[in-house]
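Engineer:
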Amino acid sequence: MAASLGRLLHSSGNLLRNGARLKCQPLHTAARALCSNTSGGLTTIRPKDEVMKNQLTVFGEYVAECLPKYVQTVQVTAQNELEVLIAPEGVVPVLSFLKDHHNAQFGSLADIACVDIPTKPYRFELVYILMSLTYNSRIRVRTYTDEITPVESCYSVFKAADWYEREAWDMYGVYFSNHPDLRRILTDYGFEGHPFRKDFPLSGYVEIRYDNELKRIVQEPVELAQEFRKFDISSTWETFPAHRQGSKPLMDTQGRGHEAPPEETPAEEKK
Amino acid sequence: MAGLVRTVGRRFFSAKATTGLTGMAVAKDPHLALRVLYTKTLAALEKLPKDAAYRQHTEGIINDRFDLVKTVPNVAELEQKINCGQIEQVIIQAEAELSLARKMADWKAWEPLVSEAPEGQWKWP
Chain V
7 MAASLGRLLH
17 SSGNLLRNGA
27 RLKCQPLHTA
37 ARALCSNTSG
47 GLTTIRPKDE
57 VMKNQLTVFG
67 EYVAECLPKY
77 VQTVQVTAQN
87 ELEVLIAPEG
97 VVPVLSFLKD
107 HHNAQFGSLA
117 DIACVDIPTK
127 PYRFELVYIL
137 MSLTYNSRIR
147 VRTYTDEITP
157 VESCYSVFKA
167 ADWYEREAWD
177 MYGVYFSNHP
187 DLRRILTDYG
197 FEGHPFRKDF
207 PLSGYVEIRY
217 DNELKRIVQE
227 PVELAQEFRK
237 FDISSTWETF
247 PAHRQGSKPL
257 MDTQGRGHEA
267 PPEETPAEEK
277 K
Chain L
-9 MAGLVRTVGR
1 RFFSAKATTG
11 LTGMAVAKDP
21 HLALRVLYTK
31 TLAALEKLPK
41 DAAYRQHTEG
51 IINDRFDLVK
61 TVPNVAELEQ
71 KINCGQIEQV
81 IIQAEAELSL
91 ARKMADWKAW
101 EPLVSEAPEG
111 QWKWP
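If you read the protein sequences in the order shown, they are chains V and L. Throughout, the numbering used here is defined as the position within the first sequence, counted from one, plus 6. For the second sequence, position 63 matches number 53 in the numbering used here, and the numbering has no gaps at all.
#1: In chain order, which continuous runs of the beta strand (DSSP E) of length 3 or greater are located wholly inside the stretch 47 to 101 of chain V?
#2: Can a CB atom of chain L be found closer than 8 Å to the CB of Ser159/V?
#3: Of all the options Ser105/L, Glu87/L, Val65/L, which has the alpha carbon lying nearest to the alpha carbon of Ala33/L?
#4: Taking the Cβ atom as the reference point for each residue, do Lys204/V and Pro124/V lie within a distance shorter than 8 Å?
#5: Just the C-alpha distance for Asp96/L and Gly50/L, rounded to the nearest angstrom, thanks.
#6: Report yes or no: is there a C-beta of chain V within less than 8 Å of the C-beta of Gly75/L?
#7: Closer than 6 Å by C-beta to Thr(-3)/L: which residues in its own chain qualify, once you throw out the five before and the five after it? Chain order, please.
#8: Using a Cβ-Cβ cutoff of 9 Å, what residues of the stretch 84 to 97 of chain V are near chain L? List them in chain order.
#9: Starting from the C-beta of Ala(-8)/L, find all residues in its chain whose C-beta is less than 8 Å away, skip the five residues before and the five after it, and write them out in chain order.
#10: From which residue to which residue does the alpha helix (DSSP H) around Glu69/L run?
#11: Give the interface partners of Leu90/L over in chain V, defined as CB-CB distance under 7 Å, in chain order.
#12: Looking at chain L, is there any beta carbon in it that lies within less than 8 Å of the beta carbon of Phe246/V?
#13: Looking at the structure shown, is Ala39/V part of a helix, part of a strand, or coil, going by DSSP?
#14: Between the alpha carbons of Ser143/V and Met137/V, how many angstroms are there, rounded?
#15: Kindly say whether His21/L, judged by its beta-carbon, lies nearer than 8 Å to any beta-carbon of chain V.
#16: Quick one: residues in its chain with C-beta nearer than 8 Å to the C-beta of Ala7/L, no 5 flanking neighbours on either side, listed in chain order?
#17: Determine the extent of the alpha helix (DSSP H) in which Leu27/L is found, giving its start and end residues.
#18: Determine whether the beta carbon atoms of Leu188/V and Arg146/V lie at a separation below 8 Å.
#19: Tell me whether Lys75/V is buried or exposed, calling it buried when 16 or more other Cβ atoms sit within 10 Å of its Cβ.
#20: With burial defined as no fewer than 16 other Cβ atoms inside 10 Å of the residue's Cβ, what is the status of Pro99/V: buried or exposed?
#21: Contact check, Ala174/V vs Leu132/V under 8 Å by CB: the rounded distance?
#22: Just how far apart, CA to CA, sit Ala37/V and Glu36/L?
#23: Would Met69/V and Val90/V qualify as a contact pair, given that the criterion is a beta-carbon distance under 8 Å?
#24: Between Val80/V and the rest of its own chain, which residues show a CB-CB distance below 6 Å, the 5 nearest in sequence each way excluded?
#25: So with CB distances below 8 Å, who are the chain V contacts of Gln111/L?
#26: Hey, does Ile81/L have any beta-carbon neighbour from chain V nearer than 8 Å?
#27: Alpha carbon to alpha carbon, how far is Arg25/L from Ile191/V?
#28: State buried or exposed for Leu230/V, treating a residue as buried only when at least 16 other CB atoms are found within 10 Å of its CB.
#29: Look up Ser89/L in the DSSP assignment and say whether it is helix, strand or coil.
#30: Output the distance between the C-alpha atoms of Lys98/L and Ala42/L, rounded to the nearest integer angstrom.
#31: Just the Cα atoms here: how many angstroms apart are Asn213/V and Leu73/V?
#32: Looking at chain V, is there any beta carbon in it that lies within less than 8 Å of the beta carbon of Glu36/L?
#33: Checking contacts by CB at 8 Å: is Ala39/V closer than that to chain L?
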């Protein structure tokens, strides 16, 4: 999956104003702990591609270097996916840069996804997934917002953003300023609420039925035959071994001790 | 009529028949188009501060391609040397870079970070 056309990257000595480089962070996942294909061991996990990872790291740092005003962090996941985390003011500049610049040429907007994490300060995380056909690569651009803060629409950059942003508005309530036509797209006419939010119940608030006297569909508050049961499922296995916090016994079921997961090198300069 | 080559002014009329891509017409004078676009882009980049990384990298790319355009008269060979698709695609890339360079001057993207993420915003899981 390596890019068929090499990017023209010119290295220059003077990078950021204060000389620091934004370091591209690797994200650890459980796959690294499990995958051990040293000598003929069968594994169905994709082998690590260091070359691809290095290319992505270099390009991620290049993007951070060209747009220091908006890029907060850059990271490469274990599956070799590049993510650029930006401030919400920089949606249009960063996306324009990735679309127009010679070394980027991400001309295709694949998706705009929204993630709702109510515990975070800005609960909604917007994810723009871009594809480059010239260089055969993908990139993710992530920002954040909450229920009342509008984000600049990227319709002027990618026309495909039209419906994606309508969906984000309809399902989550993320408002996009300067959008040509921001209205509901998936919910019913007159539907109230934003269904994909975590505080919106699974069953919804209203149910509809055909009323024979009124000869039309009526909306009534939902009545479930059985009360909603919430199961407090907690797995016996640790789900994120690479993200342990606090002191936990580092032993597997056979009673053997594990090494502690490798310490993440702290960012030199998180600009 | 095979092998007939006419000269129109300075140019040899041996353009390719089609780009093979829908909606992309064959460029009549790619060297002129690229010369104009690269000159305008370099002028737009002059407005950015000299130490801006974007300006330095982009000037490097544009100057490399500009030199190739100036030295290689044959279109097919130029496409090979630039190695970024057909010459019409190279023209589109140059137009995109020009519009980006102009917008970068407005955004001032070389300035330091405009706003930091609040604590815990990017923490995952």
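Don't be surprised by glycine CBs; every beta carbon is placed ideally from N, CA and C. Keep in mind that this is a model prediction, so the values were computed, not measured.
Structural biologist: According to the structure shown:
#1: Entirely contained in the stretch 47 to 101 of chain V, the beta strand (DSSP E) runs reaching 3 residues are, in chain order, 77 to 82, 88 to 92.
#2: Numbered from 1 along the first sequence, position 153 holds the residue referred to as residue 159/V. For Ser159/V, not one C-beta of chain L is nearer than 8 Å to its own C-beta.
#3: Within the second sequence, the letter at position 43 stands for residue 33/L. Nearest option by C-alpha distance: Glu87/L.
#4: Position 198 of the first sequence, counted from the first residue, corresponds to residue 204/V. Position 118 of the first sequence, counted from the first residue, corresponds to residue 124/V. Yes, the pair counts as a contact, with Cβ atoms nearer than the cut-off.
#5: Sequence index remark: in the second sequence, residue 96/L carries index 106 (1-based). Sequence index remark: in the second sequence, residue 50/L carries index 60 (1-based). Distance between the alpha carbons of Asp96/L and Gly50/L: 21 Å.
#6: In the second sequence, the residue the question calls residue 75/L occupies position 85. For Gly75/L, at least one C-beta of chain V is nearer than 8 Å to its own C-beta.
#7: As a position in the second sequence, residue -3/L is number 7, starting the count at 1. Summary for Thr(-3)/L: the model assigns pLDDT 48, below 50, so the residue's position carries little reliability, and this model does not support an answer.
#8: Going along the stretch 84 to 97 of chain V in chain order, one finds Leu91, Ala93, Pro94, Glu95, Gly96 with a Cβ nearer than 9 Å to chain L.
#9: Working through the second sequence from its first residue, we reach residue -8/L at position 2. For Ala(-8)/L, the predicted model reports a pLDDT of 46, less than 50, meaning its position is unreliable; a value from the coordinates is still stated below. There are no such residues.
#10: Residue numbering aside, residue 69/L sits at position 79 when the second sequence is read from its first letter. 65 to 72 is the extent of the alpha helix (DSSP H) around Glu69/L.
#11: For the purposes of this step, residue 90/L is taken as the residue at position 100 of the second sequence. Here the neighbours are Ser102, Phe103, Asp106, His107.
#12: Taking the first residue of the first sequence as position 1, residue 246/V is located at position 240. Closer than 8 Å to some Cβ of chain L, the Cβ of Phe246/V qualifies, so yes.
#13: Residue numbering aside, residue 39/V sits at position 33 when the first sequence is read from its first letter. At Ala39/V, the pLDDT of 47 sits below 50, so the modelled position is not reliable; the number obtained from the coordinates is stated separately. The three-state secondary structure of Ala39/V, taken from DSSP, is helix.
#14: Along the first sequence, read from residue 1 onward, the residue named residue 143/V stands at position 137. Along the first sequence, read from residue 1 onward, the residue named residue 137/V stands at position 131. Rounded to the nearest angstrom, the gap between the Cα atoms of Ser143/V and Met137/V is 6 Å.
#15: In the second sequence, residue 21/L corresponds to position 31, counting from 1. No, its Cβ sits nowhere closer than 8 Å to a Cβ of chain V.
#16: Position 17 of the second sequence, counting from 1, holds the residue named residue 7/L. The beta carbon of Ala7/L sits closer than 8 Å to the beta carbons of Val16 from its chain, once the five residues preceding and following it are set aside; these are given in chain order.
#17: For the purposes of this step, residue 27/L is identified with residue 37 of the second sequence, where counting begins at 1. From DSSP, the alpha helix (DSSP H) with Leu27/L extends over 20 to 35.
#18: Along the first sequence, one-based indexing puts residue 188/V at 182. Along the first sequence, one-based indexing puts residue 146/V at 140. Taking 8 Å as the Cβ cut-off, Leu188/V and Arg146/V do not qualify as a contacting pair.
#19: By one-based count along the first sequence, residue 75/V stands at place 69. Under this definition Lys75/V is a buried residue.
#20: Counting from one through the first sequence, the residue named residue 99/V turns up at place 93. Buried, because 16 or more other Cβ atoms sit within 10 Å of the Cβ of Pro99/V.
#21: Sequence index remark: in the first sequence, residue 174/V carries index 168 (1-based). Sequence index remark: in the first sequence, residue 132/V carries index 126 (1-based). Contact flag correct, Cβ pair sits at about 7 Å.
#22: If you number the first sequence from 1, residue 37/V lands on position 31. If you number the second sequence from 1, residue 36/L lands on position 46. Its pLDDT being 48, under 50, Ala37/V is placed unreliably in this model, and the value from its coordinates should be taken loosely. Cα to Cα, the separation comes out at about 47 Å.
#23: Mapped onto the first sequence, residue 69/V falls at position 63. Mapped onto the first sequence, residue 90/V falls at position 84. Note on identity: in this sequence residue 69/V is Val, with Met being the wrong assignment. Contact: yes.
#24: Taking the first residue of the first sequence as position 1, residue 80/V is located at position 74. Excluding residues within five positions, the ones whose Cβ falls inside 6 Å are Cys30, Gly66, Ala70, Val90.
#25: One-based indexing of the second sequence puts residue 111/L at position 121. Within chain V, the residues near Gln111/L are Lys126, Pro127, Tyr128, Tyr150.
#26: Within the second sequence, residue 81/L is the residue found at index 91, counting from 1. At a cut-off of 8 Å between beta carbons, Ile81/L makes no contact with chain V.
#27: To locate residue 25/L, count along the second sequence from 1; it is residue 35. To locate residue 191/V, count along the first sequence from 1; it is residue 185. Roughly 46 Å between the two C-alpha positions.
#28: Locating residue 230/V in the first sequence gives position 224, where the first residue counts as 1. With fewer than 16 neighbouring CB atoms inside 10 Å of its own CB, Leu230/V falls in the exposed class.
#29: Sequence index remark: in the second sequence, residue 89/L carries index 99 (1-based). Ser89/L falls in the helix class under three-state DSSP.
#30: Here the question's residue 98/L lines up with position 108 in the second sequence. Here the question's residue 42/L lines up with position 52 in the second sequence. So the alpha carbons of these two residues sit roughly 10 Å apart.
#31: Position 207 of the first sequence, counted from the start, is the residue given in the question as residue 213/V. Position 67 of the first sequence, counted from the start, is the residue given in the question as residue 73/V. The question names Asn, yet the displayed sequence has Glu at residue 213/V. Going by C-alpha positions, Glu213/V is about 49 Å away from Leu73/V.
#32: Indexing the second sequence from 1 puts residue 36/L at position 46. It does not; no Cβ of chain V falls within 8 Å.
#33: Here the question's residue 39/V lines up with position 33 in the first sequence. For Ala39/V, the pLDDT reaches just 47, beneath the cut-off of 50, and the residue's location in the model is therefore unreliable, although a value from the coordinates is still provided. Chain L, which has no Cβ nearer than 8 Å to the Cβ of Ala39/V, makes this no.
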